[in-house]
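The sequence shown begins at 0 in numbering that gives the first Met the number 0 and counts up by one.
Even for Gly, the Cβ is constructed at its ideal location relative to N, Cα and C.
Down below is the structure, laid out as structure tokens.
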Amino acid sequence: MNTSQWIEKIIASKKRFAMPIMTHPGIELLGKSVLDAVTDGEVHFNAIATLNREFPESVACTSIMDLTVEAEAFGAELHMSDNEIPTVVGHPLTCYDEVRELQIPSLDVARIPQFLKADSLGATKLDKPFFAGCTGPYSLAGRLFGMTEILMAIYTEPQTVSMLLEKCTDFLINYCKAIKSTGVAGVIIAEPAAGLLSNEDCLQYSSVYVNQIVKAVQDDSFMVVLHNCGNTGHCTSAMLASGARSLHFGNKVNMKDVLDACPQDVLIMGNLDPVSVLKIASDNEVFSQTMQLLDETSSYPNFVLSTGCDTPPEIPFDNIKAFYKALETYNEAI
């Protein structure tokens, strides 16, 4: 697939398109657990494929957003349960010497092979573009060093942070090259922890490293989508500096402000609240909120309707229908 042409067609079309980050409803349709999906690549893919059959309106499919896969490969301790995404509970690194001794893992450890299996199946068996996922370098480093600890270390021992980020980036380049080799259309790099930084620090400790990944893998056949749901609007320019062909925003930003700040050849995605709207609100409210977002962004051809982050488990199916019904209604009125 030529992703550059795909982007151009989306921007040139009068229609609006949707690409929610959504896998959990597919897991539920299969009658499987979250634990099944994040440990078995075939279950992961089948959940995506099942959701795509039930709701074929999305312009592309996406994998589950699990920000522990790469940290586990580096040796982080995880808590895993049946119905929640795994979380990091043990940080293996505490000091410069430990970072210096840290070995970059291979791609055949922990759950990396299962996620690559899901990517390969998605690339070959789905009827539309498929986007894999990985953790961003700063978010990965924070899971290895501790989020509070890395924020402090930026100022007290920046050389430790830089060394760790270099190793994380080297690993992520290897991982993204393997993802690209499966034939998927691109990768969504989830970098939410970078939203805790100022724009200047986000540029220095995130975007510079994301840009190395972008330069290593992005071309006409493979695009990078940079997701940062921690951004409240203060580090959008740092996200742009990554060079990613698409930026994905959380519900903390004003989408119109973001779109005003971004070039029209960059796909901008977001930002319906996955919890307070899609999970908790009524289907009528989901329809209303989705229509409002589409109306507010109507003059921006590079906008793609999406969720602000990965949707959690137990999203009411009537709410998903309302989300797509709003898109259909909006497009019919054009």
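Quiz item: Any idea what DSSP makes of ILE279, helix, strand or coil?
Solution: coil
Quiz prompt | Same chain only: Cβ atoms within 7 angstroms of PRO311, ignoring 5 sequence neighbours per side | solution = HIS23, PRO273, VAL274, LYS278
Practice problem: Taking GLY307 as part of the beta strand (DSSP E), name the residues at either end of that continuous run. | Solution: Run containing GLY307: none; DSSP gives neither H nor E here.
Self-check item: CYS94 (DSSP reduced to helix, strand or coil)
Solution: coil
Exercise. Could you spell out where the alpha helix (DSSP H) holding MET254 opens and where it closes?
Key: 254–260
Practice problem: Give every residue of the same chain whose Cβ lies closer than 8 angstroms to the Cβ of SER32, excluding the five residues on either side of it in the sequence, and list them in chain order. | Solution: ILE26, ASP81, ASN82
Quiz item: Across which residues does DSSP place ALA334 in a beta bridge pair?
Solution: Because the chain here runs from 0 to 333, residue 334 falls outside it and cannot be looked at.
Quiz item: When DSSP labels each residue in this structure, what does ASP218 get in the three-state scheme?
Solution: strand
Practice problem: Determine the DSSP secondary structure at GLY269, reduced to helix, strand or coil. | Solution: strand
Quiz item: Who are the near neighbours of GLY185 in its chain, counting only those whose CB is closer than 7 angstroms to its CB and skipping five residues on each side?
Solution: THR2, PHE130, PHE221, MET222, VAL223, VAL224
Quiz item: What number of angstroms, rounded off, separates the C-alpha of GLU69 from the C-alpha of LYS116?
Solution: 15 angstroms
Quiz item: Does DSSP put GLU148 in a helix, a strand or coil?
Solution: helix
Self-check item: Beta-carbon proximity list for VAL213, same chain, < 8 angstroms, skipping 5 on both sides
Solution: VAL223, SER241, GLY242, ALA243
Quiz item: With 16 as the cutoff for other CB atoms within 10 Å, does MET238 come out buried or exposed?
Solution: buried
Quiz item: CYS60 bridges to which residues according to DSSP?
Solution: PHE129
Quiz item: Can you list the alpha helix (DSSP H) stretches of 4 or more residues lying completely in the stretch 162–208, in chain order?
Solution: 198–201
Quiz item: On the three-state DSSP scale, how would you describe PHE322?
Solution: helix
Exercise. Can you tell me which of PHE322, ASN253, SER161, ILE111 puts its alpha carbon nearest to the alpha carbon of ALA280?
Key: PHE322
Quiz item: When DSSP labels each residue in this structure, what does PHE248 get in the three-state scheme?
Solution: strand
Self-check item: Reference SER180; option with closest CA among LEU120, LYS255, PHE44
Solution: LEU120
Practice problem: Report yes if the C-beta distance between ILE47 and LEU125 is below 9 angstroms; otherwise report no. | Solution: yes
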